[in-house]
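Novice: Before I ask anything, here is the structure I am working with.
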Amino acid sequence: MSSSYHSLPVASVAEEETEQEKIPTAQSNTKTKPEKRKRIAEKTDGAKKKKKSGEAESRIPQKKETEDEKSSKPKRKRKKKKKTITDVLATSEPKPGCAADLQNLVTQYFSDKRSVIEQEELKMEDSCFVSCNDLTHSLSSYLKQICPKWAKIRKQHAEKSSVILLIVCSSALRTIELIKQLTTFKGDAKALKLFAKHIKIDEQVNLLQNNVTHIGVGTPGRISALIDNEGLNLQSLKYMVLDWNWRDQKLRRMVDIPEVKLDFMKMLESGILKGCKEGKIKVGLF
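For the sequence shown, position 74 matches number 74 in the UniProt record's numbering, and the numbering has no gaps at all.
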């Protein structure tokens, strides 16, 4: 009895000891799991930071390389703006036109449009010109200089559809200005506006055919159109004055405006150059 009594407590004690030993191991196991997770999370965070810092380091030199490449590349030169006629004329002093200026203009214009023989026929000799304006004359004083016998010539003129004096300018407004400047020269001579603005060509043809006109002032386009339509003939024409030195708001002369230049050359071909070669028409540059 005594032996069995003592054996029971020993076994229970042993069991209790083993159970007590097991409990802390389980607790220790439960404690180690979150610690491991924390360490794993720290490792992954550290790895991410290293990756990010590595990526940032790798990106920086690439940017530097592209900047170096850009700096090493030759810079494109900006194209210089072509100087316009206005720019050129604004920086240059105005010079009075001369006979050589018109001669050069005619030869340059027809150089690629006519044969060599035809170009020779279009050449204007010095004898075709009267003295040119030296920028000191008004229109009336200049006309008095080149045409001192105006009063006599005016009285003798009685032919319709023709004029004695033809003044050629660039625009309708300039035409009106020049007609106003003629008052001290023309006397009782009749002057007619020859431009396209607000005036039909048929009206101008009727005025020329039914009246004696001494002076015609107008644009090259309308003058050449009147010659083509037989509203204006060149039989009585003695003087053709070109408004050569006058400049518009853009500092362009009559022959600097492309469309006016075209009409001007067409007008010269309509019989004026021929009249100059034959000595019938004298040209003046005002």
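Glycine residues also receive a C-beta, built at the ideal position from the N, C-alpha and C atoms. None of the values given here were measured: they were computed from a predicted structure.
1. To the nearest angstrom, how far is it from the Cα of F264 to the Cα of P220?
2. Considering only the alpha carbon of each residue, which of R114, K95, S111, M124 lies closest to C276?
3. Helix, strand or coil: how does DSSP classify K144 here?
4. From S141 to F185, what distance separates their C-alpha atoms?
5. Along the chain, where does the beta strand (DSSP E) that runs through L242 open and close?
6. By alpha-carbon positions, which one of V205, K144, A100 ends up nearest to G187?
7. Quick one: measure Cβ to Cβ for residue 288 and S162, integer angstroms, because I've assumed they're closer than 8 Å.
8. Return the chain-ordered list of same chain residues with a C-beta closer than 8 Å to the C-beta of E278, the five sequence neighbours on each side being excluded.
9. Rounded to whole angstroms, how far is the Cβ of L178 from the Cβ of W244, which I believe are closer than 8 Å?
10. Using only alpha-carbon positions, find the residue among L232, Q249, L166, L262 that is nearest to I281.
11. Would you kindly work out how many angstroms separate the C-alpha atoms of N104 and R253, rounded to a whole number?
12. Compute the Euclidean distance between the alpha carbons of F110 and K266, then round it to the nearest angstrom.
13. Considering only the alpha carbon of each residue, which of C147, D126, N206, V241 lies closest to N229?
14. Classify S131: buried if its beta carbon has 16 or more other beta carbons within 10 angstroms, exposed otherwise.
15. Using beta carbons (cut-off 8 Å, strictly below), is Q156 in contact with chain C?
16. Here's a check: name, in chain order, each residue in its chain whose Cβ is nearer than 6 Å to the Cβ of T175, leaving out the five neighbours to either side.
Specialist: Quick look at the numbers:
1. 5 Å
2. It is M124 whose Cα lies nearest to the Cα of C276.
3. helix
4. 8 Å
5. 239-242
6. K144
7. The question about residue 288 has no answer here: the residues shown for the chain are numbered 1 through 286.
8. none
9. The pair is not a contact, with the Cβ atoms about 13 Å apart (cut-off 8 Å).
10. L166
11. Computed Cα separation, rounded: 16 Å.
12. 11 Å
13. N206
14. exposed
15. Although the question refers to chain C, the structure presented lacks it and comprises just one protein chain.
16. C169, K193, F195, V217, G218
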